[in-house]
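Peer 1: First, the structure itself, so that you have it in front of you.
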Amino acid sequence: MRFSDDFSWGTTEYAGKVGLGLAGGASCSGGQVCDGTNGFSSRMIWRLNNGQAAVYYYHMGHEGEYGDYAVLKRNGADIHWPKGQWVNVAQRVKVNTVTGKTANADGEIEVFYNGQSAAKVTGLRFVSNDDQVDKAYFSSFAGGATTSFAPNNDNSFIWYDDLKVSTDRDDICELSSCT
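In terms of the working numbering, the sequence shown opens at residue 19 and continues consecutively.
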């Protein structure tokens, strides 16, 4: 993906969905409480006025009112989405196992940035039923429900290329050694 050269992270509040993500079941998101039967979601976001890169996800017991997030990092430093430059992002979601109707805390999300692991969240409980990742979740927008998140210019664009979704790790070069 690539952010335009003059991409705006916001006006007075800074956050937004980058567009790329995975979800399952009823795709719990948008302030919902995930109860194990209404799905889950995981998407890329930007935060702050410098485009801090993060993965934003909904799971059972999420702490934030609007889900939780993990900042992408390289060598211990926060990653910021660059403007005017293509970057490669891959996401892997492993849905937790279920024993009886109890969700085991063995779900995972891992994000790769330009071929290197940049965030890994473990111990997640997504479902207490048999829902799996069954959809690509694509939504791209600035912030929340107020104009304070709006871009400060009309030239804020994100381009996407070569989108892939697969249940086979070997299909995704960033997760395997394909050439």
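Where a beta carbon is used, it is the ideal one built from N, C-alpha and C, also for glycine. Keep in mind it's a predicted model, so treat the numbers as computed, not measured.
1) May I ask you to list the residues that DSSP assigns as paired with Tyr178?
2) My output table needs one value for Thr140: the three-state DSSP class, helix, strand or coil.
3) What are the boundary residues of the beta strand (DSSP E) that Phe167 is part of?
4) My guess is that Lys91 and Ala136 are in contact by the Cβ rule of under 8 angstroms, so how many angstroms apart are they, rounded?
5) Give me whichever residues DSSP pairs with Trp64 in a beta bridge.
6) Straight-line CA distance for Asn147 to Asn93?
7) What residue from Val105, Asp172, Thr30, Ser22 has the CA that sits closest to Asn67's CA?
8) Taking its Cβ as the centre, do 16 or more other Cβ atoms sit within 10 Å of Trp27, making it buried, or is it exposed?
9) Going by the CB atoms, is the gap between Tyr74 and Ile63 shorter than 8 angstroms?
10) Quick one: residues in its chain with C-beta nearer than 7 angstroms to the C-beta of Trp177, no 5 flanking neighbours on either side, listed in chain order?
11) Tell me, which residues are paired with Arg20 by DSSP?
12) I need the DSSP call for Asp86, collapsed to helix, strand or coil.
13) Quick one: Cα of Leu142 to Cα of Ser59, how far?
14) Pull the bridge partners of Glu126 from the DSSP assignment, please.
15) Applying the 10 Å Cβ sphere with the 16-neighbour rule, what's the burial state of Phe144?
16) At which residues does the beta strand (DSSP E) containing Asp152 begin and terminate?
17) Return the CA-CA distance between Val116 and Gln103, expressed in angstroms with no decimal places.
Peer 2: In this structure, then:
1) Note: Tyr178 sits in no beta bridge, so no partner.
2) strand
3) Counting along the chain, no beta strand (DSSP E) covers Phe167, and no H or E run does either.
4) 6 angstroms
5) Gly34, Ala71
6) 37 angstroms
7) Thr30
8) buried
9) yes
10) Met19, Arg20
11) Trp177
12) Note: Asp86 maps to strand in three-state DSSP.
13) 12 angstroms
14) Lys112
15) When all chains shown are included, Phe144 counts as buried.
16) 151-154
17) For Val116 and Gln103, the distance between alpha carbons rounds to 41 angstroms.
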